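Have a look at the structure below before the remarks.
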Amino acid sequence: MVKIDNIELPDFPLLLAPMEDVSDPPFRALCKEQGADVVYTEFVSSEGLIRNAAKSVMKLDIYEKERPVGIQIFGANLDSMLQTIDIVSASNPDIIDINFGCPVKKVVSKGAGAGILKDVCLMESLTAEMVKRTNIPITVKTRLGWDHDSIKIVEVAERLQDVGCKAIAIHGRTRAQMYKGDADWKPIADVKNNPRMHIPVFGNGDITSPEKAMEMRDSYGLDGAMIGRASIGNPWFFKQVKHFFKIGEHLAPISLEERVEAARRHLQMAIDWKGETLGVFETRRHYTNYFKGIPHFKEHRMKMVTSDASKDVFAAFDAVLEKFAGYEFVE
1 MVKIDNIELP
11 DFPLLLAPME
21 DVSDPPFRAL
31 CKEQGADVVY
41 TEFVSSEGLI
51 RNAAKSVMKL
61 DIYEKERPVG
71 IQIFGANLDS
81 MLQTIDIVSA
91 SNPDIIDINF
101 GCPVKKVVSK
111 GAGAGILKDV
121 CLMESLTAEM
131 VKRTNIPITV
141 KTRLGWDHDS
151 IKIVEVAERL
161 QDVGCKAIAI
171 HGRTRAQMYK
181 GDADWKPIAD
191 VKNNPRMHIP
201 VFGNGDITSP
211 EKAMEMRDSY
221 GLDGAMIGRA
231 SIGNPWFFKQ
241 VKHFFKIGEH
251 LAPISLEERV
261 EAARRHLQMA
271 IDWKGETLGV
281 FETRRHYTNY
291 FKGIPHFKEH
301 RMKMVTSDAS
311 KDVFAAFDAV
321 LEKFAGYEFV
331 E
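Here full-length UniProt numbering is used: the first residue of the sequence shown is 1, the next is one more, and so on.
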């Protein structure tokens, strides 16, 4: 069993990573149904939240069926971050996660996300003050370092733990790498193998198959895996990994009918939560993976990702079900 403070999780839990415009309540619900042990919100801007920006406030919507659920926040200003802790705590998440890893320029340029990797002392002091501000467990998601020459993740993780961080998830790339090259899990294992570490250490980056998840568990000895891009349009990834762990074989491919039903539910939940326009727009990124592998699918995919009215997207789902009935997916 793995514990984040007093939150009990199964052995080697699978966590849905916080992803902007992806990890919203509809998608989190689908992933939870398919075996995600912990889900995280999209990351929330501290500055946006204290200004009561509608998009930031909306990201605080969490539901009982999601628990345990973490709200992830980012920022670099202490006063703003402490105000954010107060606002976020009112939503009663199980976890508050600090993003010290986002590599996007508009975040980094403000000293937030991975930008704070240039100032480990600030990273430590922010974490310490946020831990003091709330009784909700504070966790951190970060990267190996700013660049290859500044990787000090073993020291960083220990310092964060010592000021009260209850778990750490580490993406196996530096900020300089962005999402290029291969993730390096060895430095993450070094964190886990530090005899002074006693909080859970989760790995993130390039977990693209059940075999990769098993390698992270068995060869690198980490406490769990945080799944990001592999889950987009594939909420079944969590179930696939757990089946592989248990049986040693791949789960049977997800049927066309299951895929269409999931896509329908996803779209409808998105519309119910954020309205027609945004609901249609922000689910588009999932459709390529929902139907990946179907030959000569471009015409149908284009209808799904260019239609502005939900009725047209639902009609596209119907057309796929009719035209490709009986199609068998291959893993």
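Just so you know, even glycine gets a beta-carbon here, dropped at the ideal spot from N, CA and C. Predicted model, so just to flag it, every value in this text is computed and none were measured.
Legend entry - Bridge-paired residues (DSSP) for A169: K141 and F202
Inset, instruction - Report the three-state DSSP secondary structure of I247 (helix, strand or coil). - result: Helix at I247.
Inset, instruction - Measure the alpha-carbon distance for F238 versus E211 and round it to whole angstroms. - result: 12 Å
Inset, instruction - Over the uninterrupted beta strand (DSSP E) stretch that includes D97, give me the two end residues. - result: I95 to F100
Legend entry - Range of the contiguous beta strand (DSSP E) that encloses E8: I7 to L9
Legend entry - N- and C-terminal bounds of the alpha helix (DSSP H) containing K303: K298 to T306
Inset, instruction - State the start and end residues of the unbroken alpha helix (DSSP H) segment that holds A36. - result: Taken as a continuous stretch (DSSP letters only), A36 belongs to no alpha helix (DSSP H), as it is neither H nor E.
Inset, instruction - Determine the closest residue to G111 out of M81, G205 and K132, with distance taken between C-alpha atoms. - result: Checking every option, the nearest Cα to that of G111 belongs to M81.
Legend entry - Identified DSSP bridge partners for K65: DSSP output for K65 lists no bridge partner at all.
Inset, instruction - Reducing DSSP to helix, strand and coil, say where K3 ends up. - result: strand
Legend entry - Under 7 Å between C-beta atoms of V191 and A157: yes
Legend entry - Unbroken alpha helix (DSSP H) run spanning I227, endpoints: For I227, there is no enclosing alpha helix (DSSP H); the residue is part of the beta strand (DSSP E) that begins and ends at G224 to I227.
Inset, instruction - Count the other C-beta atoms from every protein chain shown that fall within 10 angstroms of the C-beta of E328, then say buried if there are 16 or more, exposed otherwise. - result: exposed
Inset, instruction - Taking the CB atoms as reference points, tell me whether I168 and V201 lie closer together than 7 Å. - result: yes
Inset, instruction - For H171, count neighbouring C-beta atoms within 10 Å of its own C-beta (all shown protein chains included) and say buried if the count is 16 or more, exposed if not. - result: buried
Inset, instruction - Look up Q72 in the DSSP assignment and give the residues it is bridged to. - result: When beta bridges are read from the DSSP output, Q72 appears opposite D97.
Inset, instruction - Could you check what DSSP says for S56 in three-state terms: helix, strand or coil? - result: helix
Legend entry - CA-to-CA distance, P137 to D5, given in whole angstroms: So the alpha carbons of these two residues sit roughly 6 Å apart.
Inset, instruction - Tell whether a beta-carbon distance below 7 Å holds between I71 and I98. - result: Not closer than 7 Å, so no.
Inset, instruction - Please report the residue range of the beta strand (DSSP E) in which L16 lies. - result: L14 to L16
Inset, instruction - For the segment 244-264 and the segment 207-227, state whether three or more C-beta atom pairs, one from each stretch, are separated by less than 8 Å. - result: yes
Legend entry - Stretch-stretch touch, CB-based, cutoff 8 Å, three pairs: the segment 265-278 with the segment 290-310: Result yes; three or more Cβ-Cβ pairs closer than 8 Å.
Legend entry - Which residues DSSP lists as bridging V44, in chain order: I73
Legend entry - P295 classed as buried or exposed, judged by whether at least 16 other C-beta atoms fall within 10 angstroms: exposed
Inset, instruction - Just tell me which of E64, M123 and I85 has its CA closest to the CA of L49. - result: I85
Inset, instruction - Below 8 Å CB to CB, which residues in the same chain sit around F314 once its five sequence neighbours on both sides are set aside? - result: R264 and L267
Inset, instruction - Measure the beta-carbon distance from N289 to N234 and round it to whole angstroms, keeping in mind my assumption that it falls under 8 Å. - result: Between N234 and N289 the Cβ distance is about 5 Å, and since that is below 8 Å, they are a contact.
Inset, instruction - Measure the C-alpha to C-alpha separation of K166 and F297 and round it to an integer number of angstroms. - result: 45 Å
Legend entry - Distance between K3 and V154 (C-alpha atoms, nearest Å): About 20 Å.
Inset, instruction - Output yes or no for whether 7 Å exceeds the beta carbon distance between G145 and L117. - result: yes
Legend entry - Three or more C-beta pairs below 8 Å linking the segment 218-226 and the segment 26-34: no
Legend entry - Nonlocal neighbours in the same chain, by C-beta distance under 7 Å from E47, ignoring five residues either side: G75 and S80
Inset, instruction - Would you mind working out which of T134, T283, V260 and A262 sits nearest I271, comparing C-alpha positions? - result: T283
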